[in-house]
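Enquirer: Have a look at this one.
Residue numbers (the working numbering): 1 to 267.
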């Protein structure tokens, strides 16, 4: 079926809940304009454009669609390499959007500049509850932008920053935000560059946080001392139920000590 015929069929359909166009190489702007019609005429709540090669040149169409859409709840744009320019257009659309709850922009070459645009959205947008920024190019400066937003945001419950370039300084900023935030329940910082100094600050943040239930710090550079500090904090913090610390720089002795039955730590 060609794009035009597909478009006409969608106009007649009133029941579609999920549209998946993974790895589709059709003309990006045509498909985005089609999605604009879907949002106005249908009840499409989930759109998955993973690997769609949408390109930052055509993403303006999607930005415009987000401003007027009242049905799409989940938008997945993974593996499109939209970069900082592309995410800026998405952010512009989200500032006017009041329905989108979950956004995934995994593996899109988004750096500190791009994440600042998203951080600004989090300060204003009160509907987004899940944000996936994994496999991007975010370092400590980008983490600071997000931390500032998390302090002010009262809606986000899940943030995925897996496989970025966040180190101790970025972890410190996030820890400070955890002291203030009262909604975030899941935070993924795995596959980053967090070591002992960053863990010190995270431990302090967890001491006062009463909402986070899942924290993933696997595949970082945390040693025995840092892991023990986090374990000690769990004696105070009763809210955190899952602390993932696999594949860090932890001795067998500490692993054996903390891997007791019923432990909240995975190591």
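Ideal Cβ placement from N, Cα and C applies to all residues, glycine included.
If we ignore side chains and look at the alpha-carbon of each, how far apart do residue 221 and residue 234 end up?
Expert: 20 Å
Enquirer: First and last residue of the alpha helix (DSSP H) that includes residue 150?
Expert: 140-152
Enquirer: Would residue 175 and residue 201 be called neighbours here (beta carbons separated by less than 7 Å)?
Expert: yes
Enquirer: Of the residues 206, 189, 160, which one's Cα is nearest the Cα of residue 181?
Expert: Of the candidates 206, 189, 160, 206 places its Cα closest to the Cα of residue 181.
Enquirer: Under 6 Å Cβ to Cβ from residue 105, same chain only, skipping five residues before and after it: list those, please.
Expert: 77
Enquirer: Mind reading off the beta-carbon distance from residue 217 to residue 244? Whole number of angstroms is fine, and I expect it under 8 Å.
Expert: 6 Å
Enquirer: Just the C-alpha distance for residue 163 and residue 134, rounded to the nearest angstrom, thanks.
Expert: 6 Å
Enquirer: If you draw a straight line from the alpha carbon of residue 247 to that of residue 265, how long is it in whole angstroms?
Expert: 13 Å
Enquirer: My output table needs one value for residue 188: the three-state DSSP class, helix, strand or coil.
Expert: Assigned with DSSP and collapsed to three states, residue 188 falls in strand.
Enquirer: Buried or exposed for residue 256, going by 16 or more other Cβ atoms inside 10 Å?
Expert: exposed
Enquirer: Helix, strand or coil: how does DSSP classify residue 113 here?
Expert: Helix at residue 113.
Enquirer: Are the beta-carbon atoms belonging to residue 113 and residue 84 less than 7 Å from one another?
Expert: yes
Enquirer: Which whole-angstrom value describes the C-beta separation of residue 121 and residue 142, a residue pair presumed to lie in contact below a C-beta threshold of 8 Å?
Expert: About 14 Å separates the two Cβ atoms, so there is no contact after all.
Enquirer: Straight-line CA distance for residue 254 to residue 177?
Expert: 29 Å
Enquirer: Taking all protein chains shown into account, decide if residue 260 is buried (16 or more other Cβ within 10 angstroms of its Cβ) or exposed.
Expert: It is exposed - the Cβ of residue 260 has fewer than 16 other Cβ atoms within 10 Å.
Enquirer: Measure how close the beta-carbons of residue 129 and residue 151 come, nearest whole angstrom, since I'm counting them as under 8 Å.
Expert: Not quite, the Cβ-Cβ distance comes to about 17 Å (not below 8 Å), so this is no contact.
Enquirer: Tell me the DSSP bridge mates of residue 265?
Expert: 243
Enquirer: Let me know if residue 227 comes out buried or exposed under the rule of 16 or more other beta-carbons within 10 Å of its beta-carbon.
Expert: buried
Enquirer: Residue 231 to residue 251, Cα distance in whole Å?
Expert: Taking the straight line joining both Cα atoms gives about 14 Å.
Enquirer: Where does residue 251 fall in DSSP's three states?
Expert: coil
Enquirer: Mapping DSSP to helix, strand and coil, what is residue 257?
Expert: helix
Enquirer: Given that a residue counts as buried once 16 or more other Cβ atoms are within 10 Å of its Cβ, and exposed if not, what is residue 173?
Expert: Buried, by the Cβ-count rule.
Enquirer: Verify the contact flag: residue 78, CB atom, against every heavy atom of the ligand NAP, threshold strictly below 6 Å.
Expert: The ligand NAP is not among the ligands present in this structure, which contains no ligands whatsoever.
Enquirer: According to DSSP, simplified to helix, strand and coil, what is residue 102?
Expert: Three-state DSSP puts residue 102 in a strand.
Enquirer: Give the range of the beta strand (DSSP E) segment to which residue 159 is assigned.
Expert: 158-160
Enquirer: Taking the beta strand (DSSP E) that residue 135 falls in, what are its first and last residues?
Expert: Segment: none, residue 135 is in no beta strand (DSSP E) and carries neither H nor E.
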